[in-house]
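Scroll down for the structure; my scribbles are underneath it.
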Amino acid sequence: MNQKMKAIIAKDIRSIVGEKRYFTMLLFLPFFLGILFPSIFVLLIKVAPTDMHDLDGLMQLLPKDLAGDSVLDALLSLILNQTIPIFFMLIPIMCASVMAASSFVGEKEKRTLETLLYSPLSLRDIFKAKVLASTIISLLITYATFILMVLILNVEFQLLDGTFFIPGLSWLWVMVLLVPACTLLAITFIVKGSAKSKSMEEAQQKAAFLVMPILLAFISQFMGFVIISPFMILIAGVILFIIGYLMLQKTTNAFTYETLIK
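Residue 31 is where the sequence shown starts when you use our numbering, and the numbers rise one by one after that.
Structure follows, in structure tokens:
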């Protein structure tokens with residue numbers, strides 16, 4: 031990476047941070063999805079009556095390593111370690127959609143696109159710089175949200191019953207594989223689409239195809255239709271990472287000046 035690419039990356043990051051509307055969105059979504067949402071689940075389950083026999087049927091759906099726990103403890107472990115990680119995947123996708131949608135559309139709206147195209151960088155390098163800027167912000171926000179979530183949940187656990195929350199194996203594969211893979215997929219797809227879009231809202235709509243499968247997986251797991259194991263998350267992460275990398279290479283090679291000026 032040369033200094034000119036670093037300059038574009040820094041400019042894009044400053045641009046999104048300086049835009050209050052989009053920066054507020056970047057902070058609100060992770061707070062709601064990654065901190066407030068899990069905290070509410072913990073509070074509801076921890077203060078629930080201990081004799082909830084209506085949940086006994088849930089035990090039949092639980093993994094074997096949770097079957098020996100109490101119903102409420104097993105339910106909490108299932109939600110925090112196997113359901114919330116799936117829902118957590120919305121954070122990098124939504125952050126990526128905000129960042130990536132502002133890339134070329136933002137240049138068009140500010141009438142700086144022609145200046146950017148006249149820079150000594152090739153179109154390939156410009157595209158990579160735009161993708162990297164979005165990736166850096168999305169990953170930083172996602173990982174920071176995860177750290178804050180773990181800290182806040184542990185404080186909540188301590189205050190409620192003196193226990194601790196230790197993330198399970200699913201979280202490892204989510205943070206190491208699925209978060210980078212989904213971020214790469216979302217950013218590549220949206221940056222490519224933003225070059226043809228007339229507004230940021232139009233560019234952001236292109237992330238819907240990534241959001242829907244995650245919502246369906248979350249609802250299916252939450253309703254007990256399917257239990258997504260750490261191994262399934264590992265396999266999905268590897269596959270999505272490969273798809274994201276191949277998509278990035280193909281999109282980079284196919285990017286042209288004609289695409290931008292249409």
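Glycine included, C-beta positions come from ideal geometry on N, C-alpha and C.
{"query": "Does the distance between the C-beta of lysine 41 and the nearest non-hydrogen atom of the ligand FAD fall short of 7 angstroms?", "result": "The ligand FAD is not part of this structure, which contains no ligands at all."}
{"query": "Using only alpha-carbon positions, find the residue among Ile257, Ala266 and Thr282 that is nearest to isoleucine 109.", "result": "Ile257"}
{"query": "Could you tell me the alpha carbon to alpha carbon distance between alanine 97 and serine 107, rounded to whole angstroms?", "result": "Because alanine 97 carries a pLDDT of 49, less than 50, the predicted location of this residue cannot be relied on, and the following value inherits that uncertainty. So the two alpha carbons sit approximately 11 angstroms from each other."}
{"query": "Considering only the beta carbon of each residue, do proline 210 and leucine 264 sit closer than 8 angstroms?", "result": "no"}
{"query": "Suppose the cutoff is 6 angstroms on Cβ atoms and the five residues either side in sequence are ignored; what does the same chain contact list for valine 128 look like?", "result": "Tyr52, Met55 and Leu56"}
{"query": "Please list, in chain order, all residues of the same chain as tyrosine 178 whose beta carbon is under 7 angstroms from its beta carbon, the five residues on each side excluded.", "result": "Here the sequence assigns leucine to residue 178, which means tyrosine is not the residue at that position. Counting only Cβ-Cβ distances below 7 angstroms, and skipping sequence neighbours, we find Ile65."}
{"query": "Quick one: using the 10 Å Cβ neighbour count with 16 as the cut-off for buried, is alanine 37 buried or exposed?", "result": "exposed"}
{"query": "Using a 10 Å radius around the Cβ and a threshold of 16 neighbouring Cβ atoms, would you call arginine 44 buried or exposed?", "result": "exposed"}
{"query": "Please identify the residue among Ser152, Cys125 and Leu208 whose C-alpha is closest to the C-alpha of asparagine 283.", "result": "Ser152"}
{"query": "Could you check what DSSP says for tyrosine 148 in three-state terms: helix, strand or coil?", "result": "coil"}
{"query": "Roughly how many whole angstroms lie between the Cα atoms of phenylalanine 219 and leucine 190?", "result": "43 angstroms"}
{"query": "What did DSSP end up calling isoleucine 121 once you bin it into helix, strand or coil?", "result": "helix"}
{"query": "Among the candidates Phe61, Ile217, Pro260 and Lys76, whose CA atom is the shortest distance from the CA of valine 161?", "result": "Ile217"}
{"query": "Among Gly48, Leu74, Asp155 and Ile196, which one has its Cα closest to the Cα of glutamine 112?", "result": "Ile196"}
{"query": "State the Cα-Cα distance for the pair leucine 208 and valine 47, rounded to the nearest angstrom.", "result": "25 angstroms"}
{"query": "Once the 5 residues before and after leucine 278 are set aside, which same chain residues still bring their CB inside 8 angstroms of it?", "result": "Val161, Leu214 and Thr218"}
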